[in-house]
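Here's the structure we're looking at; comments come further down.
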Amino acid sequence: MKRVGTVLAALFALTILVAQAADATHTGWISDSMCGAKHAGSGATCVKKCIDGGMKPVFVDANKQVWSIDNPDAVNSSFYGAKVKVTATEDAANKSMHISSVEAAK
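In structure tokens, the structure reads:
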């Protein structure tokens with residue numbers, strides 16, 4: 000009986016890890032690490048200028064939470080300051096994401 004309980008607990012833990020590692024789709028804006036949520040939905044010119052000046056692109060979600068992007072090269076410069084839909088793997092503990100795809104949001 001103890002073995003069954005141990006196996007079930009291990010399977011449950013594995014299921015949680017797999018669910019956390021799965022890609023999820025989010026809608027938000029691409030901003031820069033200096034201005035963050037200040038430009039969510041506006042300020043594309045400033046975002047482009049800041050990123051060209053050395054700031055990193057970040058993702059701002061619908062709740063105006065700022066997520067760092069692990070792979071900033073995945074974000075094409077045409078999306079700087081724009082509303083986008085991203086498919087990404089989140090790391091909630093570090094407020095970061097690894098983006099698989101980016102497309103313009105409607």
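Quick note: the sequence shown, position 63, residue 62 per numbering that gives the first Met the number 0, numbers continuous.
C-beta atoms are modelled at their ideal positions from N, C-alpha and C, and glycine is treated no differently.
Pick helix, strand or coil for residue i, following the three-state DSSP scheme.
i: Lys47; result: helix
i: Val105; result: The amino acid occupying residue 105 in the given sequence is Lys; Val does not appear at that position. Coil at Lys105, not helix or strand.
i: Ser95; result: strand
i: Ser76; result: helix
Per DSSP, which residues does residue i bridge with? Please list them.
i: Gly35; result: In DSSP, Gly35 forms no bridge with anything.
i: Ser100; result: Thr86
i: Ala23; result: Ala87
i: Asp60; result: Gly27
Could you name the residues of the same chain whose beta carbon sits closer than 7 Å to that of residue i, not counting the 5 residues immediately before and after it, in chain order?
i: Val57; result: Ser30, Asp31, Ser32, Gly35, Val65, Trp66, Ser67 and Ile68
Please list, in chain order, all residues of the same chain as residue i whose beta carbon is under 6 Å from its beta carbon, the five residues on each side excluded.
i: Thr86; result: Asp22, Thr24, Ser99 and Ser100
Looking only at its own chain, which residues have a Cβ that is under 8 Å from the Cβ of residue i, when we skip the five neighbours before and after it?
i: Ser76; result: Lys47 and Ile50
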